[in-house]
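**Q** One structure is given below, represented as structure tokens, and several questions about it will come after.
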Amino acid sequence: MSKALAFINDKRVRDVFYQAALLIGLAALLVYFIRNASQNMVQAGIASGFDFLWRTSGIEVPFVLTNYTQSDNILSLFWAGVANTLLVTAIALVLATALGFLIGIARLSSIWLVQAIAGAYVEFVRNIPLLFFVLFWYFGVIAALPAPRASLSVFGVAFLNNRGLTIPLPDAGANFKYAFIAIAISCLLHWLFLRWAKRRKEQTGQDAPVLRVGLVLLLLVPVLALAWATLATRWDIPVLRGFNYRGGFVVIPEFVALLAALVTYTAGFIAEIVRGGIQSVPHGQIEASSALGLRPGQTLRLVTIPQALRVMTPPMTNQYLNVLKNSSFGAAIAYPDVVSLFMGSALNNTGQAIEIIAMTLAVYLVIGLAVSAFMNWYNARIALVTR
Amino acid sequence: MKTITLAAALFAAGTLAASAQQLAPSPTLDAIKARGHLECGVHLGLPGFSFANDKGEWTGLDVDYCRALAAAVLGDATKVKYTPTSVQQRWPILQSGQVDVLSRNSTITFSRNATLGLNFQGINFYEGQTFIVRKKANVKSAEELDGASVCVAAGSTEEKNAADWFRERNLKVTITNFQKNDDAITAYDSGRCDAYTAGVGALAGQRAKLKVPDDHVILTKPISNDPQGPVTRYGDERWQLIVRWVLNGTIAAEMLGVTSKNVDEMKASSKNTEVRRLLGAEGGFGAMMGLPDDWMYKAIKQVGNYGESYERTVGMGSPLKLERGQNQLWTKGGLLFTPPFQ
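Chains as they are written, first to last, in this note's numbering: chain Y, 49 to 435; chain X, 3 to 344.
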């Protein structure tokens, strides 16, 4: 008897049992909630299920990256919204990181004025709600730009007015495809060259012409490729007709305003992370590297930054996730992101709140987890290897 | 033994007496009576329809309906709590039971009726969608808006209507969808759009929100029919009955010439049986729905008939100065109609 039941006293068995019980309980609760909600909705006569995704959307979207049109179904509208969310998030991430680094380093500047301006910026940004930024940029941008008839012309091919920036669009993209392939090959060559140069330096101590090769492969080749593609392509140049310019692609002011708000806001937080990361590197490290004869630039690049990055990466992940979530503020200024299009227009047309909110939630969850996974991978890669 | 028989007899009689007045249960009506006020969902702020003035008092055509309903149900038109709702909030707020009725300038459509679990209880305003444009753009009709940018509230019928209408005519417009009507108007006013689109009545009210209202003109020819009226949830048929017939009652009162001024006199001395039934002088109509018999008397006395409400809120007695048009009684060339109080 006691032998047969001995496993009850095994701590591992019991731990597994408790966890399994908790999991089953949670799953049962979830099933109960879903069943309860769907029963109540049926009783209240509210449509449920995902059939609505295949109904015609009928909603006009002013800024589309996918090939969505008004006569497509609601699922296409959803993807159009997701694409717009991804676009503004991706560009904001890059720009906010760049601006944040700049301000963070400026805060550590030995010049008092630079330091004071950067410090004031950080304090200002951190104490203002994001919605204010979004609205400020939006109405600021619209108010600052002229009406279509008084557009600012950029070499007669692109036009800036309060309806957005109208840029020419290539009639066919084939030449650009070749150009981008050429640029990709050139980047790959540059990467291989750097590896080779590094190995040679380690083995023989000889320097390679890194700067010159870099200029050719990363600057000259792309410029030439793009110039060739631009000249070899027929362009759809916008022309002023009636109310506004026709033709081309319009970068809407909502996009610009949301991007500017996300970048200027997030940069304030990233600046603090950068400053904290750099300051966390013990001073002895810098003294030791100069004792070894490294120049200040080399010290920053080879000693300070690699160690600062380790401290900075986890909080940066938080900021990147914030940018993704904050992009939903676009709904406040009619930027057609997934919240505005799907949770706004589509939800109102179909009334299927639970399904639509769950799908929107899943979008943020999936993108957020992907960003986290990437940052965790990066964090593991740069982590201090201890033996 | 005798007492038991007597008690049983009394109980039976009592049950029978009670069953004679038995009405279908109405949890909504019971809840309103218990809490002492009506919960009414209205627009965030639309002059002429539902708008809170600087003293916080709500006025407007849609608000007047809520007041008439409160007067009919509770005997006091002031016993209403208004919940301002955006385009996005309006359906969930009604579906979830936060409000008893929605009187909010919302278009009656098939798919809303069929999929939202909501019933539209009649029409208190025949609306038609149109555009407001700057005078200097020199636009006379919507057809001339080719190439224009149009601001609209996301999720409204106008959003889809406009997209369909321009597409059918092969006209290219850029539609920018804002979450709130007010955001769309502000964006239009700041030059983001060439036009803002909404109903004729809504535009007449919203025009006042522009910086210089006189610089703008509302296109006269509507591109759609957007009938609007009070909305209730599925279920609770007796409450739906009350909501429907209070609206009918205000229209019937205008038909029958009953106004807030002459309602006492009409109730006391009118020979017209429909007037007498409407005002509770005979017929016991209120009791059939579980209301006092003077339900419509209270509503007319305190709020007035449909015509009075119209003139005061959106008609000639208001800054909107809207003609009756389709919202005139059918006997006078409009579309307004009510089934008989019989």
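Ideal Cβ positions, reconstructed from N, Cα and C, are used throughout, including at glycine.
All figures in this text were calculated on a predicted structure; none of them were measured in a lab.
Quick check for students: name the residue ranges of the alpha helix (DSSP H) that lie wholly in the segment 136 to 213 of chain X, counting only runs of 4 or more.
**A** 159 to 170, 183 to 191, 202 to 208
**Q** Would you identify the three-state DSSP class for S201 (chain Y), choosing helix, strand or coil?
**A** strand
**Q** Could you tell me whether the Cβ of Q118 (chain Y) comes closer than 8 Å to any Cβ of chain X?
**A** yes
**Q** Note down, in chain order, every chain Y residue with its Cβ under 7 Å from the Cβ of V103 (chain X).
**A** Result: empty, since nearest Cβ-Cβ is about 16 Å, beyond 7 Å.
**Q** Look at the Cβ atom of E276 (chain X), then the Cβ atom of F343 (chain X), and state whether they are nearer than 8 Å.
**A** yes
**Q** Is the separation between the beta-carbon of A131 (chain Y) and that of T114 (chain Y) shorter than 8 Å?
**A** Going by C-beta atoms, A131 (chain Y) is nearer than 8 Å to T114 (chain Y).
**Q** For the beta strand (DSSP E) holding G251 (chain X), just list the boundary residues, first then last.
**A** Not the beta strand (DSSP E): G251 (chain X) falls in the alpha helix (DSSP H), residues 239 to 257.
**Q** Nearest-angstrom Cα distance between S21 (chain X) and M291 (chain X)?
**A** With a pLDDT of only 49 at S21 (chain X), under the threshold of 50, the placement of this residue in the model should not be trusted; the figure read from the coordinates follows. Answer to the nearest angstrom: the Cα atoms are 15 Å apart.
**Q** Near V3 (chain Y), what residues of its chain come up, given a Cβ to Cβ distance below 6 Å and the 5 sequence neighbours on each side ignored?
**A** Since the first and last residues shown for chain Y are 49 and 435, residue 3 (chain Y) lies out of range.
**Q** Judging by CA-CA distance, which residue of Y:D120, Y:R289, Y:T137, Y:L237 is the nearest neighbour of S199 (chain Y)?
**A** Y:R289
**Q** Taking 8 Å as the CB-CB limit, is S21 (chain X) close to chain Y?
**A** Only weak support is given to the placement of S21 (chain X): the predicted model assigns it a pLDDT of 49, under 50, and the question is left unresolved by the model.
**Q** Going by the CB atoms, is the gap between G43 (chain X) and L96 (chain X) shorter than 8 Å?
**A** In this structure, G43 (chain X) lies closer than 8 Å to L96 (chain X) by Cβ.
**Q** Taking Q242 (chain X) and A73 (chain X) to be in contact with their CB atoms under 8 Å, please state how far apart those CB atoms are, rounded to whole angstroms.
**A** No, Q242 (chain X) and A73 (chain X) are not in contact; Cβ-Cβ is about 19 Å, not under 8 Å.
**Q** Determine the extent of the alpha helix (DSSP H) in which L70 (chain Y) is found, giving its start and end residues.
**A** It spans 59 to 91 - the alpha helix (DSSP H) in which L70 (chain Y) sits, taken as one unbroken run.
**Q** Whole angstroms are fine: how far does the CA of V79 (chain Y) sit from the CA of Y186 (chain Y)?
**A** 43 Å
**Q** Where does Q367 (chain Y) land, buried or exposed, given buried means 16+ other C-beta within 10 angstroms?
**A** buried
**Q** Please list the segments of the beta strand (DSSP E) lying wholly inside the segment 56 to 128 of chain X, counting only runs of 3 or more residues, in order along the chain.
**A** Runs found: 82 to 87, 120 to 122.
**Q** Assuming A166 (chain Y) and I151 (chain Y) form a contact by the criterion Cβ under 8 Å, report the distance between their Cβ atoms to the nearest whole angstrom.
**A** Taking C-beta atoms under 8 Å as the contact rule, A166 (chain Y) and I151 (chain Y) qualify, at a distance of about 5 Å.
**Q** Taking 8 Å as the threshold (C-beta atoms), are G193 (chain X) and A45 (chain Y) in contact?
**A** Outside the shown range of chain Y, which is 49 to 435, sits residue 45 (chain Y), and nothing can be said about it.
**Q** How close, in whole Å, do the beta carbons of R248 (chain Y) and Q254 (chain Y) come, if the pair is a contact with beta carbons under 8 Å?
**A** 6 Å
**Q** Is there a Cβ of chain Y sitting closer than 8 Å to that of A33 (chain X), yes or no?
**A** no
**Q** Kindly provide the ranges of any alpha helix (DSSP H) runs that are 4 or more residues long and lie completely inside the segment 237 to 311 of chain Y, ordered along the chain.
**A** 258 to 262, 269 to 280
**Q** Identify every run of the alpha helix (DSSP H) within the segment 346 to 382 of chain Y, keeping only runs that are complete inside it and at least 4 residues long; order them along the chain.
**A** 353 to 374
**Q** Starting from G212 (chain Y), follow its DSSP beta bridges and name the residues at the other end.
**A** Y:N209
**Q** Per DSSP, what kind of secondary structure is P229 (chain X) in: helix, strand or coil?
**A** It is a strand residue.
**Q** What are the residues in the segment 192 to 206 of chain X lying within 7 Å of chain Y by C-beta distance?
**A** S192, G193, R194, D196
**Q** Since A401 (chain Y) and L395 (chain Y) are thought to touch, with beta carbons under 8 Å apart, how far apart are those beta carbons, to the nearest angstrom?
**A** 6 Å
**Q** Could you compute how far the alpha carbon of Q131 (chain X) sits from the alpha carbon of N427 (chain Y)?
**A** 56 Å
**Q** My output table needs one value for A22 (chain X): the three-state DSSP class, helix, strand or coil.
**A** With a pLDDT of only 48 at A22 (chain X), under 50, the local geometry of the prediction cannot be trusted, and no value is derived from it.
**Q** L71 (chain X) CB to nearest chain Y CB: under 8 Å?
**A** no
**Q** Indicate whether S105 (chain X) and R92 (chain X) have their beta-carbon atoms separated by less than 8 Å.
**A** no
**Q** How would you write the range of the alpha helix (DSSP H) that L161 (chain Y) sits in, first residue to last?
**A** 160 to 174
**Q** Here's the rule I'm using: 16 or more other beta-carbon atoms within 10 Å means buried, otherwise exposed. How should Y66 (chain Y) be labelled?
**A** Result: exposed.
**Q** Does any C-beta atom of chain X lie closer than 8 Å to the C-beta of I94 (chain Y)?
**A** By this cut-off, I94 (chain Y) is an interface position.
**Q** Suppose contacts are defined by Cβ-Cβ distances below 8 Å. Is V182 (chain Y) in contact with F377 (chain Y) by that definition?
**A** yes
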